[in-house]
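Chemist: A single structure is presented below for examination.
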Amino acid sequence: MPGIKQTAVSVYAWLERRLQLEGPVKDAALHKVPRNTASWWYVFGSAAFTLFFLQIVTGIFLALIYVPSGGEAWNSLMVLNHQVPLGWFVRALHGWGSNFMVAVVLIHMAQVFLFGAYKFPRELTWIFGVFLLLLTLAMAFTGQVMRFDQDSYWGLAIGAMIVSRVPWIGGGLVHLLLGGPIISGATLSRFFTFHVFIVPGLLLFFASLHVWMVLKLGVNEWPMPGRIVRRSTYIDEYNQLAHQDGIPFVPGAFWKDLAFSGAVLAAVAVCALVFGPNGPNGVPDPSIIQTVPKPDFFFLWIYAILAYLPPQLETPFMLIAPLVAIAILLALPFYASEGEKSWHRRPVAVLAVSLIAVAWGTLTQLGTTTPWSPHMEAWSGDTLPVNLVRAATPLVRQGANVFQEKQCRNCHSIGGHGGQRGPALDDVATRMTLDQLRFKVVTGGGNMPAYGKNLSPAEIEALVSFLHTLHPANEPPAVNPASEGISTTHASGGEETPAKAGAKR
Amino acid sequence: MRIPVSALVLAVAVWPAGCGFHPPLPETVPRPSEVLNFGTLYQQNCSACHGRDGSDGPAIDLANPEYEALIDDATLRKWIAVGMPETQMPAFAQSNGGMLTDAQVNAIVAGMRRAWSRPNAFSGAVPPPYAQTTGGDAQRGAKTYQERCAICHANSRQQIASPAYLALVGDQSLRSFIIAGSPDIGQPDWHHDSQDGNAAAPLSAQEVNNVIAYLASQRSAAANVSGNSPSPAAVDK
Chain W
-7 MPGIKQTAVS VYAWLERRLQ LEGPVKDAAL HKVPRNTASW WYVFGSAAFT LFFLQIVTGI
53 FLALIYVPSG GEAWNSLMVL NHQVPLGWFV RALHGWGSNF MVAVVLIHMA QVFLFGAYKF
113 PRELTWIFGV FLLLLTLAMA FTGQVMRFDQ DSYWGLAIGA MIVSRVPWIG GGLVHLLLGG
173 PIISGATLSR FFTFHVFIVP GLLLFFASLH VWMVLKLGVN EWPMPGRIVR RSTYIDEYNQ
233 LAHQDGIPFV PGAFWKDLAF SGAVLAAVAV CALVFGPNGP NGVPDPSIIQ TVPKPDFFFL
293 WIYAILAYLP PQLETPFMLI APLVAIAILL ALPFYASEGE KSWHRRPVAV LAVSLIAVAW
353 GTLTQLGTTT PWSPHMEAWS GDTLPVNLVR AATPLVRQGA NVFQEKQCRN CHSIGGHGGQ
413 RGPALDDVAT RMTLDQLRFK VVTGGGNMPA YGKNLSPAEI EALVSFLHTL HPANEPPAVN
473 PASEGISTTH ASGGEETPAK AGAKR
Chain E
255 MRIPVSALVL AVAVWPAGCG FHPPLPETVP RPSEVLNFGT LYQQNCSACH GRDGSDGPAI
315 DLANPEYEAL IDDATLRKWI AVGMPETQMP AFAQSNGGML TDAQVNAIVA GMRRAWSRPN
375 AFSGAVPPPY AQTTGGDAQR GAKTYQERCA ICHANSRQQI ASPAYLALVG DQSLRSFIIA
435 GSPDIGQPDW HHDSQDGNAA APLSAQEVNN VIAYLASQRS AAANVSGNSP SPAAVDK
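Residue numbers (the working numbering), protein chains in the order written: chain W, -7 to 497; chain E, 255 to 491.
Encoded structure:
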């Protein structure tokens, strides 16, 4: 044993003599940080870094099997899912690692912002952090493209369409992005290069500088209300905090980083196990029109915004808003490099983060449910509640057929099924009389097209008869006694309509 | 030190992965044109009008074995592929602007037969033919209607002589209803004439023709009076 130990020591000494890493590593590990920075609030940056390494490791495994070609990518994902032992698990780890990384980076950023850690002398750390956020999002987007399926294909198409709107050079940029004017064989190779070499290389570079600066400038002290940052005095004040009441970074603060990173990795593993890998869904073939492509969760908010924007605002918003947002983030440490760090004295900062979080959550929720989008298969696939059909008269049943066949269901739900673009119709009869229903169907209004020219008089009669049956059992349909008699008599040529009969009952 | 705890959690989480544990792996998503599973095709294309399991939709009861026995494969395929004139049944074949391939239409026909056909659906009786071969007499049809159909259909809730209804239901569709019935709404077949299913004399093929002629006369009479063309055949679909 002593022999082995002696050998190990001499090997270490041989290496150390040449590498000379012991000094810098010891300096880095044992440098003193203010005691109150050993907090669970300070663990997100290291967790993001850990997740980045998880992505590198799992990414390398995936790259062994994945074929970055338009014709083969989808099949190689199926091979990973179904044939390679634990291939599905590595895919799931990589996918969930990506979700967690975006989330942790955003939380880290919010925490740094609320703790005022971007102020003097850490302006450049923040700026590189902004680059790291953008690069993480770039990894997420290019990673979504790697999962070459319907969502990926159309996500890419939308990305290219946004780029194409840049004045003068839009076409050239699309060419650069896609490796040609359209999504083709070259596109995937190009995005593979972005995803595997360029963006991770930049991430590694900026992340290293980011960590270097954290080591050199010190971990941001816990903000105290009233402790104002001033360029002239801050460094001395910080050194005083770190040295008089400081603890060595390792293990004083580091164990919490390690524990949290371990917990995050465990959470990624549990999600990967329980929920499995993401897709791939259908083959990325633009000739398949029965598809409802959607971006991954971190871009759902953009998807929702773009869906709600009026057409004339689309181009300015797409091209200007991101630049403004990035400019604000980059300018922040220069605009507010001194002053209060504590969130107790920065109500605007707290409000801004709250507002962004609520807006992000709301837009993501809207992006998940896509209430603006018709459900294109509802007319042929969503059944009507059985009790509604069983109670229907022959004419009402035909009206229900018209309702389905004319695809009203794609925008209007009944019984919780169908589109949400128009109002749900479960109780439409309590809101509108037969005449009002007929008028609405024929002339449209609001966002609803006019169907007067697309429906025969009989179809309109049947349809409104059906709509007039849509009311809760304990709430009668709306009736307009003044016009009811005239309109039903006219429409039915003297025959009694179910609605009229219903009114009598 | 809590590091080993998190390491343990990780190990416990990863451990089942090596033991044949599988999460819900996403299934291979076929091209929509390659879906030949009847259940999927029916659910996506037919269930909205014909009901979840062939019954209880606003359109005709497909799970009715008598309807399955009455209509032959070629006709069924035709209605699915090109749509049924004078009804709300649209065309589903790609050749007619729909989304289904010929193979998918065939898969639906075969699936319907497997799911809902029953041997000897008519219990040995011979129904009138599916397609009308000879003309009908509207006046006699009116009489038959009063005698045999009005028992239920005089009731306003079962009113079928309204022009709006008749304009949306073609002769062939009415014929299928009369002959095969529609069990999901209690419409008896040609063999029965009472709601409790007590058999009386079945309608003859000629009586069926006559009733159809009578109902057709109600439809055209209303069209002449209103000046409208209530026939969906004349409507730009």
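All C-beta atoms in this analysis are idealised placements derived from N, C-alpha and C, irrespective of residue type, glycine included. Here the structure is a predicted model, which is why all the values come from computation and not from measurement.
Measuring alpha carbon to alpha carbon, tell me which of Ser458(E), Gln412(E), Asp310(E) ends up nearest Val380(E).
Modeler: Ser458(E)
Chemist: For Phe241(W), collect the residues of the same chain with a Cβ closer than 8 angstroms to its Cβ; drop the 5 residues on either side in sequence, then sort them by chain order.
Modeler: Ala20, Ala21, Leu22, His23, Lys24, Val25, Val211
Chemist: According to DSSP, simplified to helix, strand and coil, what is Pro113(W)?
Modeler: coil
Chemist: Which partner residues of Lys445(W) appear in the DSSP bridge assignment?
Modeler: DSSP, once it has assigned bridges, lists no residue as partnering Lys445(W).
Chemist: Which residues in chain W have a C-beta closer than 8 angstroms to the C-beta of Arg285(E)? List them in chain order.
Modeler: Contact note: Arg285(E) reaches chain W through Gly274, Val275, Asp277, Ile280, using a C-beta cutoff of 8 angstroms and chain order.
Chemist: Let me confirm a value: Val284(W) is counted as buried when at least 16 other C-beta atoms fall within 10 Å, else exposed. Which label applies?
Modeler: exposed
Chemist: At the level of alpha carbons, what is the spacing between Val221(W) and Leu322(W)?
Modeler: Cα to Cα, the separation comes out at about 19 angstroms.
Chemist: Can you name, in chain order, every residue of its own chain whose Cβ lies under 6 angstroms from the Cβ of Glu476(W), other than the five neighbours on each side?
Modeler: Confidence is the limiting factor: at Glu476(W) the pLDDT is only 49, short of 50, which leaves the residue's position unreliable and the question unanswerable from this model.
Chemist: For Gln441(E), which three-state DSSP category applies?
Modeler: strand
Chemist: Quick one: list the residues of chain W neighbouring Ser430(E), beta-carbon separation under 8 angstroms, in chain order.
Modeler: Within 8 angstroms Cβ-Cβ: nothing; Ser430(E) doesn't reach chain W, min ~14 angstroms.
Chemist: 8 angstroms is my cut-off, CB to CB: does Gln236(W) come that close to chain E?
Modeler: no
Chemist: For Ile52(W), count the other beta carbons within 10 Å of its own beta carbon; 16 or more makes it buried, fewer makes it exposed. Which is it?
Modeler: exposed
Chemist: Thinking Gly84(W) and Pro269(W) are a contact (beta carbons under 8 angstroms), I'd like their distance in whole angstroms, please.
Modeler: Correcting the residue type first, residue 84(W) is Ala in the shown sequence and not Gly. Yes, they are in contact, since the Cβ atoms of Ala84(W) and Pro269(W) sit about 4 angstroms apart, within 8 angstroms.
Chemist: Within its chain, find whatever has a CB closer than 8 angstroms to the CB of Leu380(W); leave out the 5 residues flanking it on each side and keep chain order.
Modeler: Ala392, Ile406, Gly407, Thr461, Leu462
Chemist: Between Gly268(W) and chain E, is there a C-beta pair that is closer than 8 angstroms?
Modeler: yes
Chemist: What residues in the region 70 to 92 of chain W bring their beta carbon closer than 8 angstroms to a beta carbon of chain E?
Modeler: Residues of the region 70 to 92 of chain W with a C-beta atom less than 8 angstroms from some C-beta of chain E are Met70, Asn73, His74, Leu78, Trp80, Phe81, Ala84, listed in chain order.
Chemist: Which residues mark the beginning and the end of the alpha helix (DSSP H) in which Gly395(E) is found?
Modeler: 392 to 398
Chemist: In whole angstroms, what separates the C-alpha of Gln386(E) from that of Ser144(W)?
Modeler: If you take the alpha carbons of Gln386(E) and Ser144(W), they lie about 54 angstroms apart.
Chemist: Keeping to the same chain, check which residues put their C-beta closer than 8 angstroms to that of Asn28(W); ignore five residues upstream and five downstream.
Modeler: Glu213, Trp214
Chemist: Contact criterion: CB-CB distance below 8 angstroms. Does Leu459(W) meet it with respect to chain E?
Modeler: no
Chemist: Ignore the nearest five residues each way along the sequence and tell me which others in Val94(W)'s own chain have a CB closer than 8 angstroms to its CB.
Modeler: Thr128, Leu129, Ala132, Phe290
Chemist: Less than 8 angstroms between CB atoms is the rule here; does Pro484(E) satisfy it with respect to chain W?
Modeler: Confidence is the limiting factor: at Pro484(E) the pLDDT is only 39, short of 50, which leaves the residue's position unreliable, though a coordinate-based value still follows. Residue-level contact check: Pro484(E) touches chain W, since one or more beta carbons of chain W fall below 8 angstroms from its beta carbon.
Chemist: Judging by CA-CA distance, which residue of Pro363(W), Cys400(W), Trp364(W) is the nearest neighbour of Trp371(W)?
Modeler: The option with the nearest alpha carbon to Trp371(W) is Cys400(W).
Chemist: Count the C-beta pairs between the region 373 to 388 of chain W and the region 406 to 421 of chain W that are closer than 8 angstroms, then say yes if the count reaches three, no if not.
Modeler: yes
Chemist: Indicate whether Lys111(W) and Ser334(W) have their beta-carbon atoms separated by less than 8 angstroms.
Modeler: Against a cut-off of 8 angstroms, the Cβ pair of Ser334(W) and Lys111(W) comes out as no contact.
Chemist: In three-state DSSP terms, what is Val166(W)?
Modeler: helix
Chemist: Check whether the region 407 to 420 of chain E touches the region 336 to 356 of chain E, counting contact only when three or more Cβ pairs, one atom from each stretch, lie closer than 8 angstroms.
Modeler: no
Chemist: Determine which residues share a DSSP beta bridge with Leu354(E) and list them.
Modeler: Ala347(E)
Chemist: Whole-angstrom Cβ separation of Ala375(E) and Glu322(E), contact assumed at under 8 angstroms?
Modeler: 7 angstroms
Chemist: For Ala341(W) and Val433(W), what's the separation of their Cα atoms in angstroms?
Modeler: 50 angstroms
Chemist: On the DSSP bridge list, what partners appear for Val25(W)?
Modeler: Ile239(W)
Chemist: Determine the chain E residues that contact Gly373(W) at a beta-carbon separation under 8 angstroms, and present them in chain order.
Modeler: Gln297, Gln298, Asn299, Ser301, Ala302
Chemist: I want to see whether chain E comes within less than 8 angstroms of Ala454(W), judged by CB atoms only; does it?
Modeler: Interface flag for Ala454(W) against chain E is set, since a Cβ pair is found closer than 8 angstroms.
Chemist: Grab me the residues of Gly308(E)'s own chain with a C-beta within less than 6 angstroms of its C-beta, minus the 5 sequence neighbours each way, in chain order.
Modeler: Leu316, Ala317, Trp370
Chemist: In whole angstroms, what separates the C-alpha of Pro449(W) from that of Ala421(W)?
Modeler: 20 angstroms
Chemist: Using 8 angstroms as the limit for Cβ to Cβ distance, is Ile334(E) near chain W?
Modeler: Under the Cβ distance rule, Ile334(E) does not count among the residues neighbouring chain W, no pair being separated by less than 8 angstroms.
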